[in-house]
Amino acid sequence: DQQVKQNSPSLSVQEGRISILNCDYTNSMFDYFLWYKKYPAEGPTFLISISSIKDKNEDGRFTVFLNKSAKHLSLHIVPSQPGDSAVYFCAAYYFGNEKLTFGTGTRLTIIP
Amino acid sequence: DAGVIQSPRHEVTEMGQEVTLRCKPISGHNSLFWYRQTMMRGLELLIYFNNNVPIDDSGMPEDRFSAKMPNASFSTLKIQPSEPRDSAVYFCASSYRDRDTGELFFGEGSRLTVL
Numbered sequence: 002d003q004q005v006k007q008n009s010p011s012l013s014v015q016e017g018r019i020s021i022l023n024c025d026y027t028n029s030m031f032d033y034f035l036w037y038k039k040y041p042a043e044g045p046t047f048l049i050s051i052s053s054i055k056d057k058n059e060d061g062r063f064t065v066f067l068n069k070s071a072k073h074l075s076l077h078i079v080p081s082q083p084g085d086s087a088v089y090f091c092a093a094y095y096f097g098n099e100k101l102t103f104g105t106g107t108r109l110t111i112i113p
Numbered sequence: 103d104a105g106v107i108q109s110p111r112h113e114v115t116e117m118g119q120e121v122t123l124r125c126k127p128i129s130g131h132n133s134l135f136w137y138r139q140t141m142m143r144g145l146e147l148l149i150y151f152n153n154n155v156p157i158d159d160s161g162m163p164e165d166r167f168s169a170k171m172p173n174a175s176f177s178t179l180k181i182q183p184s185e186p187r188d189s190a191v192y193f194c195a196s197s198y199r200d201r202d203t204g205e206l207f208f209g210e211g212s213r214l215t216v217l
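Read top to bottom, the protein sequences are chains V and B. My numbering numbers the first residue of the first sequence as 2 and each following residue consecutively. My numbering numbers the first residue of the second sequence as 103 and each following residue consecutively.
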């Protein structure tokens, strides 16, 4: 039962343009949503998060949008840079349950 | 500050052999998680500990898998006997439980290949 889904396994974007990564979830109990970034041969690193009571959170070039009615969130990267090429994982969490549930990841490739 | 430390980084073994993966969490963190990364399932949680006590092991695939946390600074994940389908990257992560954002800190992973 995949509670967090990333339906696009890969995405290619031109440098300088906007990258949009999508994530859907099925469990309405989730309280927090997180995005992690993973380079080859490294562990995932935290990128940005959003509380379920908000619909937007911004940190520099990264913005996460949450649409609770659609059970959908997205990560926007503007402008995209070559160093953004990585696998991005969406994850979700709810209070009282320490587990982070991850999606399958989206490989983002920024084309110079 | 040292992050989560995992060993070995790479392990190649033959089917039927015992494999032991090791993890040292970040000092002061009281929750520890073992994840496995595969192409098909992404990052799936195998087991997690809080204050050295296993809380949820529902993700452990079979009895061949076992995990221990004898103290706050060390955990092992053991596979016995190993099978080719266990080939994956295994990640250890830690956190401080009272964080309300769910953020975990990951090690660099142990890549296991079972021939």
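Every residue gets a Cβ at the ideal spot worked out from N, C-alpha and C, and that includes glycine. All figures in this text were calculated on a predicted structure; none of them were measured in a lab.
If we call anything under 8 Å between Cβ atoms a contact, is Gly1/V one with Cys24/V?
As shown, chain V starts at 2 and ends at 113. That puts residue 1/V outside it, with no answer to give.
Per DSSP, what kind of secondary structure is Gly181/V in: helix, strand or coil?
Outside the shown range of chain V (2 to 113) lies residue 181/V, about which nothing can therefore be said.
Can you confirm whether the region 9-17 of chain V touches the region 67-77 of chain V when touching is taken to mean that 3 or more C-beta pairs between the two stretches lie within less than 8 Å?
no
Measure from the C-beta of Gly144/B to each C-beta in chain A and report whether the shortest distance is under 8 Å.
Of the protein chains in this structure, namely V and B, none is chain A.
Apart from the five residues on each side of it in sequence, which residues of its chain come closer than 7 Å, Cβ to Cβ, to Ala1/V?
A query on residue 1/V cannot be resolved here, the shown segment of chain V reaching from 2 to 113 and no further.
What number of angstroms, rounded off, separates the C-alpha of Gly106/V from the C-alpha of Phe34/V?
14 Å
Kindly list, in the order they appear in chain V, the residues whose Cβ is closer than 7 Å to that of Asp158/B.
Lys100
Could you say if the region 166-176 of chain B and the region 125-143 of chain B meet the contact criterion of at least three C-beta pairs nearer than 8 Å?
yes
Under 7 Å Cβ to Cβ from His131/B, same chain only, skipping five residues before and after it: list those, please.
Ser196, Ser197 and Tyr198
In this structure, how does DSSP classify Pro163/B when only helix, strand and coil are distinguished?
coil
Where the region 117-150 of chain B meets chain V: residues whose CB sits under 7 Å from a CB there
Ser133, Arg143, Gly144, Leu145, Leu147 and Tyr150
What residue does the beta strand (DSSP E) around Ala190/B start on, and which one ends it?
Ala190 to Ser197
Given a limit of 8 Å on CB to CB distance, which residues of the region 177-206 of chain B reach chain V?
Phe193, Ala195, Ser197, Arg199, Asp202, Thr203, Gly204, Glu205 and Leu206
If you follow the beta strand (DSSP E) that Thr161/V is in, where does it begin and where does it stop?
There is no way to answer for residue 161/V, as the model of chain V reaches only from 2 to 113.
Please list, in chain order, all residues of the same chain as Asp165/B whose beta carbon is under 8 Å from its beta carbon, the five residues on each side excluded.
none
Using a C-beta cutoff of 8 Å, does Thr105/V count as contacting chain B?
yes
I'd like to know whether the C-beta atoms of Leu134/B and Cys194/B end up nearer to each other than 8 Å.
yes
Runs of beta strand (DSSP E) wholly within the region 125-170 of chain B (minimum 3 residues, chain order):
133-140, 144-152 and 155-158
When the Cα of Gly204/B is compared with those of Asp60/V, Gln82/V and Thr46/V, which residue comes out closest?
Thr46/V
is_contact[Glu210/B, chain V] using C-beta, thresh 8 Å:
yes
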